[in-house]
Amino acid sequence: MTEQHETPPTGVSKALQKDIPQATVARLATYLRVLAVLADDGVAIVSSEELAVAAGVGSAKLRKDLSFLGPNGVRGVGYDVIKLRDRIEDVLGLSEGHRVVLVGAGHLGRALVGYGGFRRRGFAMVGLFDNDPAVIGTTVCGLVVRDVAELADAVDTLEPTIAVIAVPDTAAQGVCDRLVEAGMQCILSFSALALEAPATVEVRRVDLAVEMQLLSFERARNAESAAEEAMIAAAGSLMPRVPMTTSKGAVVQP
Numbered sequence: 003m004t005e006q007h008e009t010p011p012t013g014v015s016k017a018l019q020k021d022i023p024q025a026t027v028a029r030l031a032t033y034l035r036v037l038a039v040l041a042d043d044g045v046a047i048v049s050s051e052e053l054a055v056a057a058g059v060g061s062a063k064l065r066k067d068l069s070f071l072g073p074n075g076v077r078g079v080g081y082d083v084i085k086l087r088d089r090i091e092d093v094l095g096l097s098e099g100h101r102v103v104l105v106g107a108g109h110l111g112r113a114l115v116g117y118g119g120f121r122r123r124g125f126a127m128v129g130l131f132d133n134d135p136a137v138i139g140t141t142v143c144g145l146v147v148r149d150v151a152e153l154a155d156a157v158d159t160l161e162p163t164i165a166v167i168a169v170p171d172t173a174a175q176g177v178c179d180r181l182v183e184a185g186m187q188c189i190l191s192f193s194a195l196a197l198e199a200p201a202t203v204e205v206r207r208v209d210l211a212v213e214m215q216l217l218s219f220e221r222a223r224n225a226e227s228a229a230e231e232a233m234i235a236a237a238g239s240l241m242p243r244v245p246m247t248t249s250k251g252a253v254v255q256p
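Numbering (the working numbering), first residue to last: 3 to 256.
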């Protein structure tokens, strides 16, 4: 008889969240993205093998990651896509959604505001700020660009939970200081600089140049591995074919 495992009710204890390794949290975000696509496609049940392949991980690692969430799925059948998606959203703190303010209405900032995937995943852009008089007052995807000088008052009224910094490196630390003074505790920065903030403030940095450098390294390493394999194969084909003699003196060609 198949054993049923019900997904625990929503509401995750802080103890559970502290026990989850950071690497697992990153993979949970990947599983969530895959599950969202499956849900949109009307898929009701997914096996651990199918989910692992779609997420680009091993099935054993996936099952270990999901074990941090408590019992899930139906043994021998798979995971309920909607229930598992909701469970991961709960663990990642996404159940009630997030309000996001973004500082920097340049090309990157405008692209981020216009990306519809954020809202689908529970992140609503509620404020856009800049210090350029030529930009202030213009509208980007329904948001009026406000003067960064209004940031502190705006944080009080908009009540954002996450702030995004998309300004030049020279202005990034100053913007970070403004956000900290306004009471923001979660900041995502696209600056290449490491920003200074109190220990109580979580600052995550996304450096696109570093990510491309890592891709460049992987490309170079893969090319080197392929070249070594080709050399080994070529060397093997050039080795002399030495006849072998049996115990009775017969010559056998290899």
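C-beta: ideal position from N, C-alpha, C; glycine also.
Exercise. Closest by CA to VAL182, which one among SER227, ASP158, ALA228 and ASP171?
Worked result: In the sequence shown, residue 182 corresponds to position 180, counting from 1. Comparing Cα positions, the closest option is ASP158.
Exercise. Among ARG87, PRO200 and VAL105, which residue has its Cα nearest to the Cα of VAL36?
Worked result: Counted from its first residue, the sequence shown places residue 36 at position 34. When only C-alpha atoms are compared, the closest one is ARG87.
For this session: State the Cα-Cα distance for the pair ASP43 and ILE84, rounded to the nearest angstrom.
Result: Residue mapping note: residue 43 aligns to position 41 of the sequence shown, counting from 1. Residue mapping note: residue 84 aligns to position 82 of the sequence shown, counting from 1. Note on geometry: alpha-carbon atoms of ASP43 and ILE84 lie some 12 Å from one another.
Exercise. Do the stretch 205–212 and the stretch 116–128 make contact, defined as three or more Cβ pairs closer than 8 Å?
Worked result: no
Problem set entry | Pair within 9 Å by beta-carbon distance, ARG29 and LEU64 | Against the sequence shown, residue 29 aligns to sequence position 27. Against the sequence shown, residue 64 aligns to sequence position 62. For the 9 Å CB-CB criterion, ARG29 and LEU64 form a contact.
Exercise. Is DSSP giving ALA168 helix, strand or coil here?
Worked result: Along the sequence shown, one-based indexing puts residue 168 at 166. DSSP places ALA168 in coil when its eight states are reduced to three.
Exercise. Do the CB positions of ARG174 and ILE167 come within less than 9 Å of each other?
Worked result: Here residue 174 corresponds to residue number 172 of the sequence shown, with the count starting at 1. Here residue 167 corresponds to residue number 165 of the sequence shown, with the count starting at 1. For the record, residue 174 in the displayed sequence is Ala; it is not Arg. Their beta carbons are under 9 Å apart, which means ALA174 touches ILE167 by this criterion.
Exercise. Roughly how many angstroms separate the alpha carbons of THR9 and ARG122, rounded to a whole number?
Worked result: What you label residue 9 is simply residue 7 of the sequence shown in a count that begins at 1. What you label residue 122 is simply residue 120 of the sequence shown in a count that begins at 1. In this prediction, THR9 scores a pLDDT of 41, lower than 50, which makes its location untrustworthy; the coordinate-derived value is nonetheless stated afterwards. Looking at the two C-alpha atoms, the distance is approximately 23 Å.
Exercise. Where do the ends of the beta strand (DSSP E) carrying GLY129 lie?
Worked result: Locating residue 129 in the sequence shown gives position 127, where the first residue counts as 1. 125–132 is the extent of the beta strand (DSSP E) around GLY129.
For this session: Could you check how far apart the C-beta atoms of ASP132 and VAL146 are, in whole angstroms? I think they sit under 8 Å.
Result: For this step, residue 132 is matched to residue 130 along the sequence shown. For this step, residue 146 is matched to residue 144 along the sequence shown. Actually they are not in contact, since the Cβ atoms of ASP132 and VAL146 sit about 11 Å apart, beyond 8 Å.
Problem set entry | Residues of its chain near ALA154, where Cβ-Cβ distance is below 6 Å and the 5 sequence neighbours each way are ignored | Reading the sequence shown from its first residue, position 152 is the one you call residue 154. Answer for ALA154: ALA184, listed in chain order.
Exercise. Using the beta-carbon count (16 or more within 10 Å), is LEU104 buried or exposed?
Worked result: As a working note, residue 104 is residue 102 in the sequence shown. Counting Cβ neighbours within 10 Å, LEU104 comes out buried, since at least 16 surround it.
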